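Everything on this sheet refers to the single structure shown next.
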Amino acid sequence: MNVVDALLNIPVLLLLPFLYIGVINRVKSLWAGRIGPPLFQSLFDFIRSMKKGEVISRETSFLFVLAPSLTLAAVLSAGLVTPVIRGTSILGFEGDFIFFAYVLAAGKFFSILAAMDTGSSFEGMGAAREATFSVFVEPAFFLAVGSLCFVSGYTRFETIFTVLPGMAEMAPLVKVLAVSVIFVLVLVEGSRVPVDDPNTHLELTMVHEVMVLDNSGPDLGFIQYASAARMVILSSLIPNLVIPRETGLLTWVLLYAVTLMAMAAAIGLVESVMARLRMIHVPQFILLASALSVAVLAASVIYTYGGR
Amino acid sequence: MIDFLLVLFAATLLYVSMTSRLEAYIKVLFAQGLIMFCMTALESPDLLSFNFFFLALETLGFKTVVIPLILVKVVRRLGIRREVEPYTMNFHSLLIASVILIFGFLTAFLSLDPAQAIKPLHLGVSISTILTGLFIIMSRKKIITHILGFIILENGIFMLSLSIAREMPFIVNLGVLLDIFIGIFLLVVVLNRIHSTFEEVHIDTLTDLTD
Amino acid sequence: MTLFLSGIGLYLAGGLAQSMMTNRLKGKIFALFSAPAALLVILPSFQVLVSGQPLQKVFHFPFPLEEVPLVLDGPAAFFVLIIASMGLAAAVYSTGYLKPYVDKGRAAGPHYLNMALLMSFMLLVTVIQNALAFLIAWEIMSLSSFFLVAFENEKKEVFDAALHYLVAMHVGVVFLISAFILLSIKSGGFGFNGFSEVFKNDPHLASLLFIFFFIGFGTKAGFFPFHVWLPKAHPAAPGHISGIMSAVMIKTGIYGILRILTLMGTPPRGVGYFVLGISVVSAVMGILYAMAQRDTKRLLAYSSIENIGILGMGMGIGMLGLSYENQAMTLLGFGGCLIHLLNHSIAKSLLFFSAGAVYHRTHERNMEKMGGLIRRMRHTALFSLTGSAAVCGLPPLNGFIGKFLLYLAMIKAIQASNPLLNTVGILGLAALGFVSAAAILTFSKMFGIVFLGIPRENLDGPKTTPLSMLVPMGFLAALALLIGLFPHSVFFLVEKPLLVLSGNGGTADVLPVALPGKIALAFALFIGMTAGLLLLRKLLLKGRAVSTAPTWGCGYTAPNPRMQYTASSFARTFMMLYKPLTRMTFSIEAPEGEFPRKGKLETHFPDVIENYVITPVTRGIDRFIKLFGRVQGGATQQYILYGLLFLVAAILWVLGS
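Heads up: the sequence lines are chains D, L and H, in that order.
In terms of my numbering, the first sequence is residues 217 to 524.
In terms of my numbering, the second sequence is residues 706 to 916.
In terms of my numbering, the third sequence is residues 1166 to 1822.
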């Protein structure tokens, strides 16, 4: 494990989320004919939140205060095992993607509870929807990563993604399918259109935004940052899938940045072009990801046993 | 001698099925007890053995004296004289009792091996007694008659154990235990005056106890 | 071994001792006896788990029992550990829980006597290796638990549930008896060691016998579709009994299956897939039904079914590992199963105890009437939160490590060179993931609706939860956290049982030694970062305005606690998608007219197996039997006639032959 690479993960993971959100918003604005906010606007917003005081609902308990910090810690812990720079993660171990999924789930669990803590029906609704969507996301995630395990023959994020880019014989189909699955997962986890609309606070689109109606100040900053970081972490899987590991550090970082920005732009485009799906269709959309995962699985099985 | 006693015993069975007077039933029980005591005395190889002493005491004591006495007391207190309206008329009962007797003898003769030291007559009469006891319970209405029929049944079991006593001596003791059990049962019934909780000592009311 | 047996003796002595005490002291006396008894039983178990040498003592009885070996080996010791510790927690808890009943004058004597019997015979079941003695102990276990469930039997629903439980247990035991009879006939005796030969000689018979054993033990464990008694019995039973049943008693079913596996050697492949299939179905259906419940204890009962499914998945993978001679799969599969078993016992006890505490304070089990209890019951809420997070397998608590091993086992299946195994592994991963996410939904619903928000109705009851109930909960919660942070502690506990289960092949554990350490590190970092962020937040907010205000109501002028999200609504989003599986019934009385008037809406989620399988079958049996109703006239004479006829027939038959 390359220590330099591992250490580089930290600033990348900590700073990139701001840029990521900035790119998405810029793309959306440009598409709509506006100039849009500066690229690092979300950083400025974050700093501003940190400077504010808070208003806490009387009906809440200690959970409401605990949840934002815990959710952010969960996302950062997931970042510990994510391969970022040249496929290196800070703390990798066999089966670490399981830890990845579960620690993110822990964050979700507590944010759901915090939403229910307020006793507001809106937040309860958002919490219910959030919980429901995650039920579909987990199998999709495991199907996808499981298939990648199968193809690469390895069981930790690091090694899977180290080997995969080098596997030139691996049908491009599998790679394309994997990328699409991860893209859909990023949309869901980041609560972007078509799953949820981050811009509105109306009842119709309430999932994530409504869960944080009562949060303010540093807590709100934490939550928004966590959401962005979650997207970055998931998106980091894609460059590792396509860029070969042996490239020089600088080239690699450049390619990584480009890929991530491309993803952010793609998300911005999707948000501009599509409308949010009807509630009933959202699970179907997530099931689409699962179906793609199954396709990855089938492709991998055929590849492994057919080619021999 | 024993054969004569056995035939007498069989005659009591026929008498029981024919009569409708309750005191006659009790007299029959007394007679049966006496017959059984005589049979025990005659059949025991050694008159002075402890086992015989115990048996004799039991038959004489319980069957001949205690139980009939209790029953007479109960009947007198209740003021019942007759068994009215049984399900079958006296004549039919007698017929059925005869059939049972014949059936018992047939069974005994057909099933016994000459090599065994069991008297077919003895076995036959005991089986008939058992079946007659059951029949009496079945065909009478008064609860007190049921108890009497039950005692006859149990006499029959004791006879059965006597008849195979040569082959399995300890079985007679089991028969005695059964006697004691019946005695205590009756005692409890009498002492607790269970009979008086049924105002009409009629079993039709018991039909309500169904699922 | 003498220590072990004296421990059991002490349990029974406790049962007898409490029967001589006054009603108020009964619980305390029993708990007092349970503590040393548990210790006496745990010490030899530890010795076995550390040394790997089983303890043994053979008893000789007259016919028909004859030789009864009592063997405390690896798997048995593991189960003994769990049974004894959870039992002790329950005994302490019961003193507080039963106090209101005792104060009203209800006799607790029979209850504690039955608890003594249950504990002793659960422990005996794990060590007996003679089929007849095993069945006797099993039966006593079922009977005593029946009486324990029927504690509040003046309530019709409790009595019905207890009866249903009794019948279900006996239907299951029929399969056990048949299988044991067959084995005894073939092997010529009742001893378990004789059975191994029978299994090895005839694989087809082995499969059939295993299926019978699986149905028999599976009824006790609560696998779908033999689970219907579970969601009835758990809510009906008092709090500590539900805890013992879910945490320990249903695990004896798993023990039975594992014991049969040790006798079987290598199971046929089909059997492994069969177990895996049923387990996946159990897990999925269990959690789906759990989601739909409004009764806290029913929800927990269905969640137990789900976790039994997960344990079964571990067993299935382990069995496939044995069949395909993949040692990694075997060790990880069974290892995950055992560790998850331990963790689930802890978490489920905790959850049932907290549900019992809620009932104790509010006399209510219906979630829709609760809310905001975190203010009245701070400690219980904290413990319940720990239990919920643990049962979902969330870091940094103990539930994660068991599931983690199961995932690893499936990954090994993915890495195997058999396409069927690969597919099964990947689908297994997805199934476990689905079930875990659904569990998160279920438990966030349960904890959120019960403890958080604003009280939906004013519920009255005792003002505090007694210490005797809080202490066991606290102990279990602490255990959950400790095991989560130090997973190596449980790894060492399962080493020796795994040796036995894997057929004494391979001594090296497949897990790389560093793995539990890295997981612990990750957990520690997670907790550390949370603490750090909280601290940061505190620092940032120093000297700033932090005010309180009512929850944002989006402009509604008169919010009302009943306007909060309800339990049914929370689950409904998901349940709508699974309509065919859950058969939701929906009845509505819409208000009419211009002004608000009375209206009513009812949704029910009846259990599919109960409504479409069990009820029609019992009705059919009922109708069939009514045909013979004429036979029962009610007149004594009629019955005597039957007796007479039978006697005559018997005599004739004897004559004829």
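C-beta: ideal position from N, C-alpha, C; glycine also.
Remember, predicted model here, so these are calculated numbers, not experimental data.
In the structure shown, Val1223(H) falls within a strand segment according to DSSP collapsed to helix, strand and coil. The alpha-carbon separation between Leu1300(H) and Leu1370(H) amounts to approximately 21 Å. A distance below 9 Å separates the beta carbons of Thr1750(H) and Phe1770(H). Neighbourhood of Ser1734(H) in chain D, by CB distance below 9 Å: Ser337, Gly340, Met341 and Ala344, in chain order. Nearest C-alpha to Glu270(D) among Arg1702(H), Phe1345(H) and Ile1380(H): Arg1702(H). Boundaries cannot be given for Leu307(D), as no beta strand (DSSP E) includes it and DSSP labels it neither H nor E.
The stretch 452-463 of chain D makes no contact with the stretch 267-283 of chain D; the number of CB pairs closer than 8 Å stays below 3. For Ala1714(H), the secondary structure class from DSSP, reduced to helix, strand or coil, is strand. Here His1392(H) carries a coil assignment [DSSP, helix/strand/coil].
Going by DSSP, Ile1753(H) is part of no alpha helix (DSSP H) but of the beta strand (DSSP E) stretching over Thr1750 to Glu1754.
The beta carbon of Gly1808(H) falls within 9 Å of a beta carbon belonging to chain L, placing the residue at that interface.
In chain order, Ala505, Ser506 and Ser509 place their CB closer than 6 Å to the CB of Ala356(D), counting only its own chain and leaving out the 5 sequence neighbours on each side. Each residue's CA atom was taken as its position, placing Gly1430(H) and Leu1503(H) some 19 Å apart.
When secondary structure is reduced to three states using DSSP, Lys1765(H) falls in the strand class.
Annotated as proximal: Ala1554(H) and Phe1608(H), with beta-carbon spacing under 9 Å. For Ile496(D), there is no enclosing alpha helix (DSSP H), since its DSSP letter is neither H nor E.
Val271(D) is bridged by DSSP to Ser1712(H). Secondary structure at Val219(D): helix, using DSSP grouped into helix, strand and coil.
Between Leu1395(H) and Tyr1467(H), the gap from beta carbon to beta carbon is short of 9 Å. Distance from the CA of Thr375(D) to the CA of Ile1619(H), rounded to the nearest whole angstrom, comes to 49 Å. With 16 or more other Cβ atoms inside 10 Å of its own Cβ, Val1213(H) counts as buried. Looking from the CA of Met266(D), the closest CA among Gln440(D), Ala491(D), Ala481(D) and Met477(D) belongs to Gln440(D). For Pro1234(H), the enclosing beta strand (DSSP E) begins and ends at Glu1232 to Leu1237.
Within the same chain, and ignoring the five residues on either side of Leu883(L) in sequence, the residues whose Cβ sits closer than 8 Å to its Cβ are Glu859, Ile862 and Phe863. With a 10 Å radius around the Cβ and a threshold of 16 neighbouring Cβ atoms, His1276(H) comes out buried. In the three-state scheme derived from DSSP, where H, G and I count as helix and E and B as strand, Asp1460(H) is classed as strand. Each residue's CA atom was taken as its position, placing Asp333(D) and Leu1624(H) some 19 Å apart.
Under DSSP, Asn1531(H) shares a beta bridge with Asp1460(H). Secondary-structure assignment with DSSP links Asn1295(H) through a beta bridge to Gly1356(H). In this chain, Pro1652(H) is not harboured by any alpha helix (DSSP H), its DSSP state being neither H nor E. By the Cβ criterion, the stretch 1471-1482 of chain H is in contact with the stretch 1426-1445 of chain H, since at least three pairs of Cβ atoms, one from each stretch, lie closer than 8 Å. Arg302(D) carries a helical assignment under DSSP once its states are collapsed to helix, strand and coil.
The C-beta separation of Pro1390(H) from Asp1460(H) comes to about 21 Å, leaving the pair out of contact by the 8 Å criterion. Residue state for Arg1788(H) is assigned as helix, using DSSP reduced to three classes. Between Val1338(H) and Glu1304(H), the CB-CB gap stays under 9 Å. Taking the Cα of Val721(L) as reference, the smallest distance to any Cα among Cys743(L), Ser803(L) and Leu747(L) is reached at Ser803(L).
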